[in-house]
Each structure stands twice: as C-alpha cells, then as structure tokens.
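Visitor: In our numbering, the protein residues as written are 558 to 943. In this text, a Cβ means the ideal position worked out from N, Cα and C, and glycines have one as well. If you're wondering where the values come from, they're calculated on a predicted model, not measured in any experiment.
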Ligand code: FAD
Ligand code: UDP
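Quick look at the structure:
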C-alpha cells in the first residue's frame with residue numbers, strides 16, 4: 558500500500574499547482590510524477606550551451622486578467638515587466654500584430670482616417686473584432702480591410718499552424734488574435750503581464766518545494782499505474798490497489814492505449830540557432846504570415862532581458878501533425894465536434910476510474926498558463942472538499 562494521499566501525473570502548471578495546494582492546504586503527502594527529466598512541463602526554461610536562457614518548448618509569455626492567479630504566482634517569483642509586442646513580416650515590411658489602428662495607418666496610408674472612422678462607428682473604440690466577424694461586414698471598404706488582414710495575417714499562418722484555413726478551425730482559435738480598434742501595439746491586452754524574473758524553472762522549483770511533495774522525474778505513469786474502469790478498485794499503483802486521489806495532466810488517449818483511436822493534435826519542431834550578434838530581429842516574436850515554412854521566430858533576449866549576454870539565441874517553429882511516434886510531443890488539441898466527441902469517450906473512461914483530469918492535454922483544450930493555474934486552484938479546492 559502506498560503512503561501517498563495523492564498521485565499527480567505531470568509537473569507542468571496544472572500538476573504543480575494542484576500538488577502544492579493539496580500539500581500545503583490539505584496537509585497531504587503528494588507524489589508528483591513526470592516522464593521528462595525536468596519540472597515545468599512545456600513552460601520549462603534552461604540556459605543553452607551559450608548561456609542564453611531559452612524556452613525549450615516554445616516562447617511562453619505570462620499574461621492574465623485574473624487577479625488571484627497573478628497574486629498566487631507572485632508568491633513564487635518576482636516579475637520582469639515585459640510587454641509583448643509582435644510584428645508580422647509581410648514582404649519587406651513589418652506590421653504590428655494584432656492588426657490595430659497603427660497597422661491600419663501603416664498599410665492604408667491616407668485612406669486610414671476614413672477607414673478608422675468606419676471601423677469605430679461599426680464596432681466601437683477599443684473593440685476586439687475576430688477576423689471571421691470582420692469578414693462578414695457588408696460595406697466594401699470594411700471588406701477591403703478584412704480581405705487584407707485575412708490574406709496577409711491569417712490565411713498562410715493558419716495553414717502552416719493547423720494545415721487548414723481559418724474557416725476550417727475552431728473560430729475561438731483565430732479569435733485569440735482579433736483586430737483591435739486601438740493604438741496599443743501589445744499582443745495581449747491583459748492587466749497583468751510579464752516574465753518570471755529568474756525564469757519559469759525557478760518558479761516551479763519554489764512551487765514544488767514543500768515537505769509534503771515528493772517528485773519523481775523520468776517516470777512514465779503508465780509504467781506504475783494500472784486502470785480498470787468501472788471496477789471497485791479501478792486504480793493500481795505498482796500492482797496494489799490505490800484508493801487515494803489521482804490527478805492526470807497528460808494525453809488522455811495515450812493513458813488508455815488509444816483504445817478508441819488517437820485524438821488528433823498538432824505538434825511543433827523547434828529549430829534553435831545561436832547567432833553571434835547582439836540582436837537578431839526587431840521584436841521578441843516576428844510572425845511569418847505570408848512566406849516561409851515556419852510560423853514565427855522568437856528571440857529570447859527580449860523575453861528574458863538578458864541583453865548583457867554575448868550573442869543571441871532564436872527559435873523557428875515548424876508545425877506538423879502529431880503521429881504519436883517516439884520523441885514527438887502533442888502540443889495543441891484540434892477542437893472540432895468529431896474530436897471533442899472522441900475525447901468525451903476517454904473522459905468517461907477516466908471518470909469510471911475516479912481520475913481527475915486537468916490541463917491542456919488531459920482536458921483537450923486550448924488553455925493559456927493563467928487559465929490552467931486558475932483551474933488548478935479550483936480543482937484543488939474541490940478535491941480538498943470531497
Ligand atoms: P504541460 O505543461 O504540457 O505539462 C504536462 C506534463 O505532464 C508534461 O511535463 C508531461 O511530460 C507530463 N506527462 C504527460 N503524460 C505523462 C505520463 N504518462 N507520465 C508522466 N508524466 C506525463 N500559455 C501562455 O499563457 N502564454 C504563452 O505565451 C504560451 N505560449 C505557448 C507556446 C506553445 C508553443 C505552446 C504549445 C503552449 C503555449 N502556452 C502559452 C500554453 C501553456 O504551455 C500551457 O497553458 C501550459 O503549459 C499547460 O500546462 P499543463 O500542466 O496543462 O501541461
Ligand atoms: N494567427 C494567424 N496569424 C498570426 C497570429 C495568429 O493566423 O500572425 C492565428 C493562427 O491560426 C493561430 C491563432 O491565430 O494558431 C492563435 O494565435 P496565437 O498567437 O494565440 O497562437 P499560440 O501562441 O497559442 O500558438
């Protein structure tokens with residue numbers, strides 16, 4: 558019989574926050590497992606061989622309007638006040654993304670004041686208009702703006718990222734980057750944004766540093782846990798019935814040997830390059846919205862404020878369809894009615910085993926960091942009430 562009250566699979570934000578709460582406020586003995594050899598999940602950062610702090614699984618910028626999330630994480634880190642700005646490279650120009658009134662002026666020149674008035678009359682000052690909504694406009698001049706934004710910002714980038722057009726994917730995805738009727742060039746409009754001053758990994762070290770938490774890295778839960786849905790003792794830990802809580806934050810189809818078929822995900826190949834220059838590009842992230850096979854280039858020094866370091870490290874992101882092959886990582890759920898219905902079958906199976914599912918993979922949802930931390934706080938409260 559195990560001595561643990563709870564077993565948590567995954568040391569990303571979902572798993573780490575639930576673990577901390579159960580240990581600190583529930584007085585529990587918690588075991589956290591992760592198959593990777595490090596904590597932090599996809600938010601893990603580490604110095605590369607040139608001493609530059611990189612995000613191994615792609616750029617992660619913290620932003621939120623949820624005060625309790627900001628307050629909670631501030632217990633474990635100070636912040637570098639980074640306001641993220643992105644430009645799209647279109648031909649030889651770089652234009653602010655999300656497309657906003659500054660972009661309008663840059664692209665439409667003399668015509669911009671008239672177009673700006675039209676947009677504001679229709680949607681209101683400060684509005685955040687999804688491109689698919691703007692495309693429904695009937696006025697020819699609004700249509701012209703919508704066509705420009707669609708052709709030059711969304712179509713090719715979305716084809717690369719998802720292998721589909723913006724119409725073919727969940728509208729909430731392109732809606733994440735609306736047309737913004739203001740002169741704010743920031744990528745996110747949230748009240749709080751910034752980067753952990755000493756990196757995400759240090760934040761996670763503090764989050765998981767509690768006497769009630771034991772961490773076991775390099776351990777795939779599937780090697781130690783067995784599940785028999787619907788049985789009286791549905792969870793076995795190292796061959797013995799386990800009656801404590803099990804929180805799972807990984808890919809739910811893979812936990813159940815993909816028995817109903819694989820859930821589709823998009824994956825990414827990250828190509829890192831160290832450049833012997835102080836600065837490589839004009840912004841932390843440059844999106845390639847009409848050319849190239851990669852979607853974006855990130856230069857980490859902008860995000861981490863390491864301008865005192867020599868040289869700079871960049872990463873290019875190449876999306877592809879996740880196949881489940883060894884070494885591939887599922888990053889993005891592909892939400893549509895068919896895939897969501899398949900997910901539901903796995904969710905029911907997990908429910909029959911008494912598992913708590915939380916996280917981007919386990920819930921098959923497009924969560925940002927703040928949403929997952931908020932959810933983890935709620936899930937932990939519910940688990941402690943039970
Ligand atoms: P993860 O971080 O994926 O953690 C899950 C962990 O579970 C992993 O460490 C995995 O190894 C482990 N695991 C899975 N299966 C098993 C198993 N069988 N046994 C043991 N361990 C297992 N959000 C933002 O707010 N801002 C951003 O700028 C941002 N940028 C992003 C960029 C990219 C390229 C991606 C893919 C995501 C980005 N996100 C961003 C989202 C952010 O990564 C997630 O919200 C967050 O990482 C979710 O945490 P999680 O704990 O659910 O999942
Ligand atoms: N998108 C786009 N062009 C851009 C930026 C975003 O077409 O320049 C679309 C694309 O479909 C992308 C989605 O908007 O997948 C959400 O973008 P976001 O930056 O939120 O993606 P993430 O950082 O989560 O990969």
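Which one of 584, 802, 606 and 583 has the shortest CA to CA distance from residue 907?
Guide: Answer by Cα proximity: 802.
Visitor: Return the chain-ordered list of same chain residues with a C-beta closer than 7 Å to the C-beta of residue 698, the five sequence neighbours on each side being excluded.
Guide: Closer than 7 Å at Cβ, skipping near neighbours: 672 and 675.
Visitor: Counting only runs of 3+ residues fully inside the stretch 696-754, write out the beta strand (DSSP E) ranges in chain order.
Guide: Fully enclosed beta strand (DSSP E) runs of 3 or longer: 749-753.
Visitor: Thinking C-beta only, is residue 737 closer than 8 Å to residue 657?
Guide: Yes. Within cutoff.
Visitor: Comparing the CB of residue 844 with every heavy atom of the ligand UDP, is any distance shorter than 7 Å?
Guide: Residue 844: yes, Cβ under 7 Å from the ligand UDP.
Visitor: Please report how far the alpha carbon of residue 763 lies from the alpha carbon of residue 757, in whole angstroms.
Guide: If you take the alpha carbons of residue 763 and residue 757, they lie about 10 Å apart.
Visitor: I want to check one thing, is the minimum distance from the CB of residue 794 to the heavy atoms of the ligand UDP below 7 Å?
Guide: False, no ligand heavy atom lies under 7 Å from that Cβ.
Visitor: According to DSSP, is residue 592 part of a helix, a strand, or is it coil?
Guide: Coil at residue 592, not helix or strand.
Visitor: Give me the Cα-Cα distance between residue 854 and residue 917, rounded to the nearest whole angstrom.
Guide: C-alpha separation (whole angstroms): 23 Å.
Visitor: The beta strand (DSSP E) that contains residue 631, what's its start and end?
Guide: No beta strand (DSSP E) holds residue 631; the alpha helix (DSSP H) holding it covers 624-631.
Visitor: Taking the alpha carbon of residue 904 as the point to measure from, which residue in 810, 624, 641 and 791 has its own alpha carbon closest?
Guide: If we check each option's Cα against that of residue 904, 810 comes out closest.
Visitor: Count the other CB atoms, across all protein chains shown, that sit within 10 Å of the CB of residue 883; report buried if there are 16 or more and exposed otherwise.
Guide: Result: exposed.
Visitor: Going along the chain, which residues of its own chain have a beta-carbon closer than 6 Å to the beta-carbon of residue 612, five neighbours each way excluded?
Guide: Excluding residues within five positions, the ones whose Cβ falls inside 6 Å are 602.
Visitor: Can you have a look at residue 625 and say buried or exposed, based on whether 16 or more other CB atoms are within 10 angstroms of its CB?
Guide: That one is exposed.
Visitor: Less than 6 Å between C-beta atoms, sequence neighbours within five positions excluded: which residues of the same chain meet that for residue 623?
Guide: Around residue 623: 927 and 931.
Visitor: Round the Cβ separation of residue 935 and residue 804 to the nearest angstrom and send it over; I've been treating them as touching at under 8 Å.
Guide: Actually they are not in contact, since the Cβ atoms of residue 935 and residue 804 sit about 13 Å apart, beyond 8 Å.
Visitor: Leaving aside the five residues before and after residue 847 along the sequence, list all residues of the same chain whose C-beta is less than 7 Å from its C-beta, in chain order.
Guide: 647, 709 and 713.
Visitor: Just how far apart, CA to CA, sit residue 765 and residue 695?
Guide: Each residue's Cα considered, the two are about 54 Å apart.
Visitor: When every heavy atom of the ligand FAD is checked, does at least one fall within less than 7 Å of the C-beta of residue 732?
Guide: Not so, every heavy atom of the ligand FAD lies at least 7 Å from the Cβ.
Visitor: Can you tell me where the alpha helix (DSSP H) holding residue 901 begins and where it ends?
Guide: That run of the alpha helix (DSSP H) goes 894-909.
Visitor: Round the Cβ separation of residue 850 and residue 875 to the nearest angstrom and send it over; I've been treating them as touching at under 8 Å.
Guide: With a Cβ gap of about 6 Å, residue 850 and residue 875 count as contacting.
Visitor: Heavy atom of the ligand UDP less than 7 Å from the Cβ of residue 614, yes or no?
Guide: Not so, every heavy atom of the ligand UDP lies at least 7 Å from the Cβ.
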